[in-house]
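Visitor: Pasting in a structure now, in structure tokens, and then I'll have a few things to ask.
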Amino acid sequence: MSICGRNLKGWVWGLFLALLVLGLTMSASAYQAEEVKNGGTITGKILFKGTPPPRETLKASKDTEVCGTEVPSEALVVGENKGIQWAIVSLVDIKKGKGVDKKATVELDQKGCHYVPHVVKVPAGGTLTVLNSDGILHNIHTYSKVNKSVNKAQPKFRKKLLIDNTFKDPELVSVKCDAHAWMSGYILVEEHPYHAVTKADGSFSLSDVPPGTYKVEVWQEKLGKVTKEVKVEAGKATTLDVELAAM
Ligand SMILES: [Cu+2]
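Residues 111 to 357 in the numbering used here are what the sequence shown spells out, letter by letter.
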């Protein structure tokens with residue numbers, strides 16, 4: 111009887127501890143992925159306020175047969191109607207919605223001594239495949255605070271480099287090449303898919319957003335950050351145009 115009672119007590123304690131650990135784990139990962147039915151859409155444009163500066167040109171000092179000598183900077187690209195390319199639009203306070211596909215193939219190419227695309231989205235826990243279309247030596251050097259940093263050479267014969275077990279937590283990671291100082295890009299590690307990178311005309315779209323009011327953050331590497339609030343209704347499209355000014 112006493113042995114049985116002790117066993118029971120131990121079992122109850124075990125269960126209690128297991129539930130405690132489970133609870134802590136769940137509260138640590140704030141975002142909950144679930145199916146979204148009849149969600150809304152947020153679409154709009156990110157525009158430059160005022161007269162945009164001319165696009166900067168950087169001087170290439172090596173591998174000029176592949177890179178050229180004058181390299182157009184990608185740090186601030188403003189299109190004809192003031193649309194800003196490669197700004198990031200994010201729902202920052204969303205707690206539940208669509209999940210990210212950790213098994214998706216995400217590629218970042220090194221082409222013409224640029225990162226293509228300039229901003230690449232990687233699901234947290236996913237793998238990044240780095241390509242080397244240039245056929246010259248590049249190296250992938252990331253600058254991060256939360257995730258492990260990467261510093262790997264990619265010789266000209268190495269067409270593919272897989273980076274896994276690295277981008278685990280949400281963060282905007284800067285990537286540079288130590289061989290070509292002007293090469294600069296971003297890796298956006300996302301735990302939810304409600305981030306959009308603007309197209310050449312500054313447009314973006316976020317779909318399947320569960321109805322609610324959200325804080326929207328717009329970030330651009332040269333122009334900084336602007337925060338807006340947006341209300342999303344079931345099955346409806348909400349328009350959000352945001353202007354960013356020079357800092
Ligand atoms: Cu390089």
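Built from N, CA and C at the ideal position, the CB exists for glycine as well.
#1: Within 10 angstroms of its Cβ, does glutamine 264 collect 16 or more other Cβ (buried), or is it exposed?
#2: Along the alpha helix (DSSP H) that carries threonine 174, what are the first and last residues, could you check?
#3: Give a single yes or no on whether asparagine 261 has its beta carbon closer than 8 Å to a heavy atom of ligand 1.
#4: For glycine 150, which of helix, strand or coil comes out of DSSP?
#5: How long is the line joining the alpha carbons of isoleucine 273 and glycine 207, rounded to whole angstroms?
#6: Looking at the structure shown, is lysine 329 part of a helix, part of a strand, or coil, going by DSSP?
#7: For the putative contact between isoleucine 297 and valine 230, defined by C-beta atoms under 8 Å, what is the C-beta separation to the nearest angstrom?
#8: What's the call for valine 319, buried or exposed, on a 16-neighbour Cβ count within 10 Å?
#9: Going residue by residue through the segment 171-256, where are the continuous alpha helix (DSSP H) segments of at least 4 residues, counting only ones entirely within it?
#10: Take leucine 247 as the anchor and find which of Cys223, Ala143, Val299 has the nearest alpha-carbon.
#11: Can you name the start and end residues of the beta strand (DSSP E) that leucine 168 belongs to?
#12: Considering only the alpha carbon of each residue, which of Asp219, Tyr225, Val328 lies closest to leucine 241?
Guide: Well, looking at it:
#1: buried
#2: 174-177
#3: no
#4: strand
#5: 27 Å
#6: Note that residue 329 is tryptophan in the sequence shown, not lysine. If DSSP states are grouped into helix, strand and coil, tryptophan 329 belongs with the strands.
#7: 6 Å
#8: buried
#9: 174-177
#10: Cys223
#11: 167-169
#12: Asp219
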